[in-house]
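Each remark here refers to the structure printed beneath this line.
Residue numbers (the numbering used here): 1 to 202.
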């Protein structure tokens with residue numbers, strides 16, 4: 001690991017003419033939260049005193065009467081965002097309690113860091129790798145309705161296993177593909193998995 005320092009990040013901001021710093025941290029369900037600050041506001045105080053934020057606005061964090069929290073950056077995560085129109089540095093932060101100054105127990109990044117330190121201290125391993133499992137569905141059509149006397153939803157994709165009996169593809173060409181059946185579950189006790197579908201109105 002490179003172990004970058006605050007000086008490295010401040011120098012990077014200056015050398016690369018960074019305009020904004022995207023402050024990123026993780027909530028309890030694992031969703032990345034963020035807010036953006038001007039690059040000029042990212043000085044040494046950010047690395048020593050942190051950035052304050054309202055913990056009551058984040059799912060699973062704090063109640064309104066004890067909502068003050070602060071963030072400390074992890075310099076090793078700094079990366080220039082290739083997709084922003086204005087030059088932006090993305091930087092992940094650890095969540096801390098402002099009174100005890102201790103890492104916040106519900107911060108997933110702190111939990112992962114503690115797990116890694118435990119592996120090292122016990123001699124089980126010297127490195128831990130954590131990564132997301134990307135899952136998504138692509139549908140050809142989604143329909144739903146909710147009325148006073150009933151509701152329904154229906155999704156369809158020509159590649160779905162329920163379309164093994166169709167004669168033509170979506171474009172009208174003959175069906176030539178074999179479709180896989182429902183995937184088996186990872187539990188030896190429950191060998192099928194239920195389908196979880198979320199349809200978002202755009």
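Where a beta carbon is used, it is the ideal one built from N, C-alpha and C, also for glycine.
Residue i classed as buried or exposed, judged by whether at least 16 other C-beta atoms fall within 10 angstroms
{"i": "residue 69", "result": "buried"}
{"i": "residue 24", "result": "buried"}
{"i": "residue 73", "result": "buried"}
{"i": "residue 20", "result": "buried"}
{"i": "residue 18", "result": "buried"}
{"i": "residue 50", "result": "buried"}
{"i": "residue 101", "result": "exposed"}
{"i": "residue 13", "result": "buried"}
Top-ranked residue by Cα proximity to residue i, from the options
{"i": "residue 138", "options": "151, 124, 158 and 28", "result": "158"}
{"i": "residue 47", "options": "143, 62, 54 and 7", "result": "7"}
Coil, strand or helix - residue i by DSSP
{"i": "residue 40", "result": "helix"}
{"i": "residue 103", "result": "strand"}
{"i": "residue 8", "result": "helix"}
{"i": "residue 166", "result": "coil"}
{"i": "residue 75", "result": "helix"}
{"i": "residue 146", "result": "strand"}
Cα-Cα separation, residue i to residue j
{"i": "residue 53", "j": "residue 149", "result": "45 Å"}
{"i": "residue 119", "j": "residue 135", "result": "28 Å"}
{"i": "residue 4", "j": "residue 63", "result": "34 Å"}
{"i": "residue 116", "j": "residue 105", "result": "15 Å"}
{"i": "residue 121", "j": "residue 103", "result": "19 Å"}
{"i": "residue 97", "j": "residue 123", "result": "30 Å"}
{"i": "residue 30", "j": "residue 67", "result": "19 Å"}
{"i": "residue 147", "j": "residue 58", "result": "33 Å"}
{"i": "residue 130", "j": "residue 168", "result": "42 Å"}
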